[in-house]
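Residue 430 in my numbering sits at position 428 of the sequence shown, and the numbers go up by one each step. Okay, structure first, notes after.
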Amino acid sequence: MKNQEIAKIFYEIAYFLEMEGVQFKPFAYQKAGLTLESLERDVEEIYKKEGLEGLKKIPGVGESIALKIEEYLKTARIRYYEDYRKKYPINLEELMHIEGLGPKRLKILYDKLKIKNLEDLEKSAKAGKISPLPGFGEKTEKNILEAIEFAKRSKGRFLLGEILPRVKEVYEKLKSLKEVERIDMVGSIRRMKETIGDVDFLVISKNPASIMDFFVSLPGIIKVWGKGNTKSSVRLKEGFDMDIRVLPKDSYGAALQYFTGSKEHNIGLRKIAMEKGLKLSEYGLFKSARLIAGQTEEEIYQKLGMDWIPPELREDRGELELALKKRLPNLIELKDIKGDLHIHSKFNGGANTIEEIAEQAIRLGYAYIGIADHTKFLKIEHGLDEEQIHQRNKHIERLNERYKGRIKILKGCEANILPDGSIDLDDKCLKEQDFVIAGVHSRFKMTKQEMTERIIKAMRNPHVDIISHPTGRLIQKRDEYEINLEKILEVAKETKTILEINSYPERLDLNDVNIKRAKELGVKMVINTDAHHIDQLRFIEYGVYQARRGWAEKEDIINCWPLKEMLNFLKSP
Ligand code: DGT
Ligand code: CA
Ligand code: CA
């Protein structure tokens with residue numbers, strides 16, 4: 003599927019246009035990129051079936067963008083883009099993700115210092131050549147160096163949400179082969195870790211050679227690291243590696259257990275086996291030299307006197323002890339989600355109308371949705387003021403008449419927690435909402451004490467129900483803000499403030515460890531998508547995986563509850 007490749011090009015075109023200070027056009031390319039990136043249908047299929055007209059029906063795709071998609075599908079390049087790349091021969095992929103370096107600044111760095119990549123950037127910053135440039139200064143130079151460190155640390159790992167759809171595609175292709183008796187994803191991708199180093203597959207097959215041939219010739223492979231009789235390893239053009247192993251049926255369960263990991267979990271499990279006088283390896287569970295379990299994972303855990311452990315829990319964070327006592331949590335599942343409370347509509351610059359969002363939510367089987375538009379302080383996101391919110395609410399009330407019995411639309415907002423902890427809307431407006439989400443969207447670099455007090459003050463505001471993306475981290479881009487999370491959890495419990503598990507692939511905030519801690523303290527959470535486009539409503543699965551990794555059960559997550567129960571909790575002081 004070429005959707006992601008084209009989306010990436012559009013984002014880069016938008017970036018080049020912004021470097022040159024072009025108005026409006028960058029937004030159009032960004033929007034097209036966003037749409038393509040989250041589109042479930044394959045653009046190539048659309049084009050094959052419906053031609054240029056079909057492309058133009060994709061929201062956000064007009065004539066000129068459709069022509070560029072066509073050009074790419076036909077020639078594997080887009081001349082408009084190639085021209086920009088010649089004009090600015092810089093490694094955008096490396097540089098555009100450096101926090102604090104926008105397109106305007108990147109252009110200055112290229113024009114004045116010929117900075118083309120991360121290495122150039124680091125050299126110049128270390129030599130103090132950046133601070134004297136107009137609009138930069140010493141503080142910016144220092145921030146750039148910090149951001150470079152961050153980029154280096156996270157190199158070589160990929161966001162789960164970025165690669166999972168692609169990996170599932172490969173999985174389905176392999177699964178459809180008649181020679182494949184069984185196939186599983188293992189390793190970190192089975193544990194649904196937020197970032198993935200490489201992707202691992204296990205297969206049962208009577209004809210391993212044909213599987214190896216098929217695997218190394220999958221479309222999109224740019225390098226074959228190794229091809230053996232039962233094991234191969236490749237790199238995809240998206241940049242990540244995939245390993246595959248074909249295994250005998252008798253030890254498949256043992257291999258499944260071993261290669262799922264984590265390494266820490268496996269070490270703990272082997273220790274338990276040893277204490278029982280048994281030996282566990284990737285080939286099976288043995289008593290002396292006799293194999294006593296190996297075909298399935300379940301029988302291995304069972305012969306060790308334990309319950310089977312869901313892969314998301316296998317991080318050696320206490321799951322082994324609980325499995326021995328047969329007291330593992332009853333983890334939430336995707337099907338438990340009854341609604342999504344953090345959706346941006348067209349009112350604040352999102353891509354879709356509330357009607358479109360409601361229709362999509364009905365398709366997902368939701369009982370309720372919450373429209374949580376940005377509010378006025380956030381000008382770049384077209385935040386709404388009190389009057390606009392009031393008008394929107396009247397619109398939602400009319401829609402609720404129309405959708406009665408099908409879905410309930412809740413009136414909400416994602417308001418801003420200002421640096422002093424106050425909220426950027428008046429009380430009358432806040433009172434008018436079914437629920438109020440509040441989040442930090444500015445001044446990220448405060449001291450730990452200041453930031454903690456800022457968020458606590460918002461939680462103590464009687465109108466605030468939910469704190470969005472509570473730690474503010476962006477995976478591989480920005481660390482969490484300095485906060486005393488333990489203190490925030492305490493106050494959340496006391497004030498019955500709900501903390502969000504934001505499902506956006508680069509947020510996943512709260513993360514697994516923090517979710518587990520929140521649960522221990524009895525803090526309630528909500529899994530939201532923060533969707534700006536209806537196709538992003540499917541991100542909810544990533545939030546659910548993260549919640550499972552944090553041991554969450556239905557009672558911990560308010561949007562697993564029926565509407566009435568959830569509203570009661572929101573309304574309680
Ligand atoms: P990743 O790829 O970095 O996201 O993480 P994993 O967990 O997928 O790690 P990977 O691909 O190196 O190995 C897959 C699994 O194989 C890993 O989760 C556990 C198992 N494994 C690999 N190497 C070792 C090892 O040295 N000791 C043990 N006990 N298990 C290992
Ligand atoms: Ca792996
Ligand atoms: Ca591997």
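We treat Cβ as the ideally placed atom computed from N, Cα and C, and that holds for glycine.
| query | result |
| --- | --- |
| In terms of DSSP beta bridges, what is E555 paired with? | L333 |
| Is DSSP giving L510 helix, strand or coil here? | coil |
| For H384, which residues in the same chain have their Cβ closer than 6 Å to its Cβ, ignoring the five residues on either side in sequence? | N350 and G351 |
| Do you know whose CA, among L343, I542, K450 and K278, lies nearest K289's CA? | K278 |
| Run through DSSP, which three-state label would I411 get? | strand |
| Mind listing which residues have their beta carbon within less than 7 Å of any non-hydrogen atom of ligand 2? Chain order is fine. | G189, S190, I191, I198, G199, D200, V201 and D202 |
| Hey, I409 and A360 are a contact pair by Cβ (cut 8 Å); roughly how many whole angstroms apart? | 6 Å |
| If distances are taken between C-alpha atoms only, which option among R107, G23 and F18 comes closest to K88? | F18 |
| Helix or strand or just coil, what does DSSP make of Y49? | helix |
| Taking all protein chains shown into account, decide if V248 is buried (16 or more other Cβ within 10 angstroms of its Cβ) or exposed. | buried |
| Identify the continuous beta strand (DSSP E) that holds M527 and give its terminal residues. | M527 to N530 |
| Any heavy atom of ligand 4 closer than 6 Å to the Cβ of N486? | Judged by which ligands are present, ligand 4 is missing from the structure shown, whose ligands are ligand 1, ligand 2 and ligand 3. |
| What first and last residue would you give for the alpha helix (DSSP H) that runs through G270? | K265 to E277 |
| Since I believe G524 is in contact with K495 (beta carbons under 8 Å), could you give me their beta-carbon distance rounded to a whole number of angstroms? | 6 Å |
| Per the contact definition of three or more C-beta pairs closer than 8 Å, is the region 528 to 540 in contact with the region 309 to 323? | no |
| State the start and end residues of the unbroken alpha helix (DSSP H) segment that holds M461. | K450 to R462 |
| What is the rounded straight-line gap between the Cα of L501 and the Cα of S470? | 7 Å |
| Hey, would you say F379 sits closer than 7 Å to N418, going by beta carbons? | yes |
| By alpha-carbon positions, which one of E543, G139 and E508 ends up nearest to R159? | E508 |
| Answer yes if the region 327 to 339 comes into contact with the region 266 to 285, meaning at least three C-beta pairs across the two stretches below 8 Å, and no otherwise. | no |
| Please tell me whether, using a cut-off of 6 Å, the distance from the CB of F242 to the nearest non-hydrogen atom of ligand 1 is below it. | no |
| What three-state label does DSSP hand V182 in the structure shown? | strand |
| If you measure between the beta carbons of D202 and V188, is that distance less than 7 Å? | yes |
| Evaluate contact between the region 76 to 87 and the region 111 to 122, counting only Cβ atoms and requiring at least three cross-stretch pairs below 8 Å. | no |
| Could you spell out the range, first to last residue, of the alpha helix (DSSP H) harbouring E84? | R81 to K89 |
| With C-beta atoms as the reference, is N5 less than 7 Å away from L41? | yes |
| I believe Q548 touches I485 by the beta-carbon criterion, under 8 Å. Please report the beta-carbon distance rounded to the nearest angstrom. | Actually they are not in contact, since the Cβ atoms of Q548 and I485 sit about 19 Å apart, beyond 8 Å. |
| Do S574 and K498 come within 7 Å of each other at the CB atom, strictly closer than that value? | yes |
| Can you tell me which of I339, E452 and A374 puts its alpha carbon nearest to the alpha carbon of A554? | I339 |
| My guess is that I246 and F217 are in contact by the Cβ rule of under 8 Å, so how many angstroms apart are they, rounded? | 5 Å |
| Between which two residues does the alpha helix (DSSP H) holding K70 run? | E65 to T77 |
| Indicate whether D481 and M527 have their beta-carbon atoms separated by less than 7 Å. | no |
| DSSP state of N231, grouped into three classes? | coil |
| Report the three-state DSSP secondary structure of G483 (helix, strand or coil). | The sequence as given places Tyr at residue 483; Gly does not occur at that position. DSSP places Y483 in coil when its eight states are reduced to three. |
| Once DSSP output is grouped into helix, strand and coil, what is the label at L476? | strand |
| What ranges does the beta strand (DSSP E) occupy inside the region 209 to 261, keeping only unbroken runs of at least 3 residues that lie completely in it? | 223 to 229, 233 to 238 and 243 to 248 |
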